[in-house]
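Presented below is the structure to which this report refers.
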Amino acid sequence: MPDWTARAETPADRPAVREVELAAFPTTEEADLVEKLRADPDAWIDGLSQVAVAEDGSVVGHALLTRCRIDDRPALALAPCAVRPEHQGTGAGSAAIRATLEAARALGENTVVVLGHAGYYPRFGFTPASRFGIRAPFEAPDEAMMALTLDPQRPAPSGTIRYPAAFGV
Numbered sequence: 004m005p006d007w008t009a010r011a012e013t014p015a016d017r018p019a020v021r022e023v024e025l026a027a028f029p030t031t032e033e034a035d036l037v038e039k040l041r042a043d044p045d046a047w048i049d050g051l052s053q054v055a056v057a058e059d060g061s062v063v064g065h066a067l068l069t070r071c072r073i074d075d076r077p078a079l080a081l082a083p084c085a086v087r088p089e090h091q092g093t094g095a096g097s098a099a100i101r102a103t104l105e106a107a108r109a110l111g112e113n114t115v116v117v118l119g120h121a122g123y124y125p126r127f128g129f130t131p132a133s134r135f136g137i138r139a140p141f142e143a144p145d146e147a148m149m150a151l152t153l154d155p156q157r158p159a160p161s162g163t164i165r166y167p168a169a170f171g172v
């Protein structure tokens with residue numbers, strides 16, 4: 004397995020991030036979502052868009068945390084996460100996710116939510132959001148709607164997730 008480097012996205016990385024999203028997903032929806040979130044000053048937090056970089060400097064993975072709310076309390080939403088297909092399963096996505104979670108912890112953030120694969124996200128500490136009293140604003144399988152507290156000494160808020168407008172929910 005390669006030893007991936009992860010770092011904060013720079014403005015110069017934006018085209019490469021879009022290419023990663025386009026390569027990883029069957030539609031432009033996730034790539035367009037990233038651009039809409041970048042344009043939303045209430046959602047975008049500098050330093051919480053992280054890229055996984057190959058030895059040659061090319062961007063092969065991406066993970067993004069943006070501001071959401073649980074009822075009226077601040078939290079973060081992890082989405083999208085993407086890796087170029089030829090690098091999937093090599094740890095590039097994990098490196099980007101870990102880097103963005105560490106960056107969020109360094110900023111004093113606490114609660115992160117993700118709607119994702121129940122077999123993948125627990126490796127980062129995510130558990131069903133229902134254990135925190137957190138609900139999605141739409142129907143979602145309990146095992147797929149997950150949450151994580153970055154500081155176990157601070158409780159997670161309970162309530163309904165309010166995503167940024169770009170998510171369309």
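Numbering (the numbering used here), first residue to last: 4 to 172. Quick reminder that beta carbons are idealized off the backbone N, C-alpha and C, glycines included. Just so we're clear, the structure is a prediction, and the values are computed from it rather than from any experiment.
Here THR103 is actually not in contact with PRO5; their C-beta atoms are around 19 Å apart, not less than 8 Å. Between ALA34 and GLN53, the C-beta spacing is not below 7 Å. Per DSSP, reduced to three states, the secondary structure at GLY94 is coil, with no helix or strand assignment. When DSSP assignments are scanned along the stretch 21-101, the uninterrupted stretches of beta strand (DSSP E) that are 3 or more residues long and fall wholly within it turn out to be 52-56, 62-73, 76-86. Under the DSSP assignment, VAL117 falls in the beta strand (DSSP E) whose first and last residues are 114-118.
Taking HIS90 as the centre and dropping the five residues before and after it, the same chain places the C-beta of VAL63, GLY64 closer than 7 Å to its C-beta, in chain order. Between the stretch 19-33 and the stretch 114-121 there are fewer than three inter-stretch CB-CB distances shorter than 8 Å, so the stretches are not counted as touching. DSSP, read as helix, strand or coil, puts PRO125 in helix. Between ALA57 and ALA98, the C-beta spacing is not below 7 Å.
One alpha carbon belongs to GLY111, the other to TRP47, and they sit about 16 Å apart. Every candidate alpha helix (DSSP H) stretch fails here, since none sits fully inside the stretch 147-172 while reaching 4 residues. Annotation for ARG10: the continuous beta strand (DSSP E) segment containing it runs 8-11. Taking the CA atoms as reference points, SER61 sits about 26 Å from ALA80. Pairing ARG138 with ALA132, the inter-Cα distance amounts to about 7 Å. Contact check for VAL116 and ALA150: beta-carbon distance about 5 Å, within the 8 Å limit, so the pair qualifies.
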